[in-house]
Every structure is written in structure tokens, then in C-alpha cells.
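Here is the structure we will look at.
In UniProt numbering, the protein residues as written are 1 to 304.
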């Protein structure tokens with residue numbers, strides 16, 4: 001794999017409203033389209049007439065289209081990058097090894113095109129574990145403290161946990177601006193920076209993991225220690241950090257996973273290389289039709 005970019009990390013969640021509220025109100029992730037839900041039932045888009053009225057109203061007021069929509073009996077109003085509902089399990093196991101109804105919610109600090117974002121999958125009646133999600137945002141830290149969340153200082157980072165117990169490490173520095181905001185600034189700014197710095201995952205054999213990622217996927221090693229390695233396809237991308245935990249990794253059933261993008265013509269050669277090297281292929285090359293989006297071609301691999 002020559003060209004690539006880290007796209008998102010998948011979390012399996014047990015309580016969707018609480019989790020989306022955490023990502024939105026505490027971490028302050030960017031919000032683009034309106035979604036309304038009632039508890040953990042299926043989300044629904046507000047009717048188009050309501051959206052049109054809000055849109056026209058905000059044009060006359062000279063404001064950006066508001067993300068809040070009122071609807072009777074809705075228990076929460078939140079905004080996400082993208083939300084999709086499915087009646088049956090994903091053929092690429094996006095929702096884990098489950099065949100029933102599930103949903104996918106994308107949320108992040110900006111567009112999926114240039115930010116590392118989060119995918120929340122909810123299976124209507126489950127979860128997983130990983131080592132940590134690292135974000136630079138003194139604003140998120142202040143919101144966590146104001147909300148009364150337990151905040152634990154660990155070195156130069158501050159640890160908070162999501163409603164499902166996932167660990168988020170916050171760096172107490174101002175949150176970087178949106179990569180997609182004021183594109184004309186690119187001519188004057190050296191670099192846009194994503195608030196998401198890295199995702200840390202467990203490794204049972206660090207040297208074996210390094211050989212897999214570096215030699216077979218083409219990802220670059222940016223930093224290496226006795227018990228960790230930091231990887232990315234480019235310097236300005238969110239890092240994948242692998243940490244040696246000195247024992248077996250328990251993925252459970254509903255494990256999370258990290259997604260990368262690459263040119264479509266590189267997928268089949270990558271799959272062929274993995275087959276040649278005797279590596280595990282969870283989902284062979286397939287196409288996934290996504291409502292409202294271009295069909296996505298994927299190959300899902302499992303590292304050692």
C-alpha cells in the first residue's frame with residue numbers, strides 16, 4: 001500500500017444517546033447534520049418541511065443553518081456527521097458478528113474527508129475494549145471538569161472515560177482549528193492539524209506487529225520504544241500506536257477496528273500480498289452500498 005490515510009476507529013456502544021452526548025458535549029466534536037432519537041430506538045431524520053422552515057429562517061437571520069430541530073417526545077437532539085440504520089448485519093462485519101438490526105453513527109471534529117473520526121455502532125440489544133483515544137483539547141478538558149466527570153491526571157495527559165468506559169486522554173492545549181475551515185488560509189498557514197492525535201491499541205508481540213504494518217501495508221514508523229511504536233502514512237495524520245501488553249489480547253466478540261483509505265486500485269494487490277504471506281483476511285474484497293454515498297470497496301484484515 002503506497003498511499004493511505006487513517007479514517008476512523010469503530011466503537012461498539014451500549015447506550016447511543018449517552019455516548020453521542022459525550023462526544024458532542026464533552027469532547028466537542030464537529031456536527032453537520034441533524035438527527036433526532038428517542039432513547040435507543042431507531043433514529044429518524046426530521047421531516048423536510050421542518051428543515052426547510054429552519055433553513056429559510058436562518059437565511060433571513062443571516063445565520064448558519066442551525067443543527068437543532070424540535071420534535072415532540074424526543075428525549076435528545078444531537079448532530080452527527082452521518083447516521084445510517086440497517087435491518088440486517090453488515091456483510092463486512094461492521095457491527096461485529098451479529099445479524100440483527102443495527103445502526104452506524106459517524107461523529108468527529110470535521111469532515112470525514114480530512115479528519116480522523118469516530119464510528120459508533122449500536123446493535124439494539126453489546127461492546128469492546130482498547131487502550132486509548134488521544135485528543136488535544138483544553139476546551140474538552142474544561143467541559144469534562146464542568147460536567148463533573150472524573151478526571152485523572154496521568155503524566156502530561158488527563159484521562160476521562162466515555163459512558164461505556166472507553167479511555168480518552170486529553171492534552172491540555174488549545175484545540176487545533178478545522179482542516180476544512182476557511183480553505184483560503186492554506187495559502188498562509190503552514191499546516192492544518194486534526195485535534196485527534198492518536199489511537200492506541202494493544203499488541204501481544206510488538207516486533208511481529210511492526211513487521212506486519214511496516215512491511216506489508218507500507219505504513220511508516222515515526223517513533224519506537226521498547227514497549228510501543230507510533231505509525232502513520234504521513235506526518236500530519238492521526239497516529240496508530242501499538243503498545244506491547246506482555247500477553248494475549250482479548251478482542252471479545254464486538255471488538256473495535258481502525259479504518260484506512262487508499263486508492264481502490266491498491267486493494268486487490270494488498271489482499272493478494274496478505275494471502276501470499278499467509279495473513280488473516282477477515283473479509284475478502286467486497287463492495288458495500290452506503291445510502292447517500294458512493295459505493296465503498298473494502299478488504300478487512302487482522303494483524304498478528
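Ideal Cβ positions, reconstructed from N, Cα and C, are used throughout, including at glycine.
Figure out for me which residue from the options has the closest Cα to the Cα of residue i.
i, options, result
"residue 9", "201, 297, 231 and 274", "201"
"residue 193", "16, 135, 130 and 104", "135"
"residue 217", "143, 103 and 240", "240"
"residue 228", "245, 137, 4 and 16", "245"
In chain order, what residues of the same chain have a beta carbon less than 6 Å from the beta carbon of residue i, not counting five sequence neighbours either side?
i, result
"residue 310", "The displayed coordinates of the chain run from 1 to 304. Any statement about residue 310 would go beyond what the structure contains."
"residue 132", "167, 169 and 200"
"residue 18", "163"
Could you name the residues of the same chain whose beta carbon sits closer than 7 Å to that of residue i, not counting the 5 residues immediately before and after it, in chain order?
i, result
"residue 271", "281, 284, 285 and 299"
"residue 29", "23, 107, 108 and 109"
"residue 157", "169, 170 and 171"
"residue 211", "none"
Bridge partners for residue i per DSSP, in chain order?
i, result
"residue 313", "No answer is possible for residue 313: it lies beyond the span of the chain, which begins at 1 and ends at 304."
"residue 160", "168"
"residue 117", "8"
"residue 154", "157"
"residue 137", "Residue 137 pairs with nothing; no bridge assigned."
"residue 306", "The question about residue 306 has no answer here: the residues shown for the chain are numbered 1 through 304."
Could you give the distance in angstroms between the alpha-carbon of residue i and the alpha-carbon of residue j?
i, j, result
"residue 303", "residue 167", "22 Å"
"residue 251", "residue 243", "15 Å"
"residue 278", "residue 209", "14 Å"
"residue 159", "residue 259", "24 Å"
"residue 294", "residue 120", "20 Å"
"residue 11", "residue 118", "7 Å"
"residue 77", "residue 21", "Confidence at residue 77 is low in this model, with a pLDDT of 31, below 50, so its placement is unreliable and no value can be given for it."
"residue 269", "residue 262", "12 Å"
Can you name, in chain order, every residue of its own chain whose Cβ lies under 8 Å from the Cβ of residue i, other than the five neighbours on each side?
i, result
"residue 248", "204"
"residue 305", "This structure cannot speak to residue 305, because the chain is shown only from 1 to 304."
"residue 235", "222"
"residue 147", "25 and 26"
"residue 264", "297"
Taking the runs of the alpha helix (DSSP H) that are 4 residues or longer, which of them lie wholly in the UniProt domain "VOC" (195–304)? Those alpha helix (DSSP H) runs which fall completely within the UniProt domain "VOC" (195–304) and span 4+ residues are 206–210 and 267–276.
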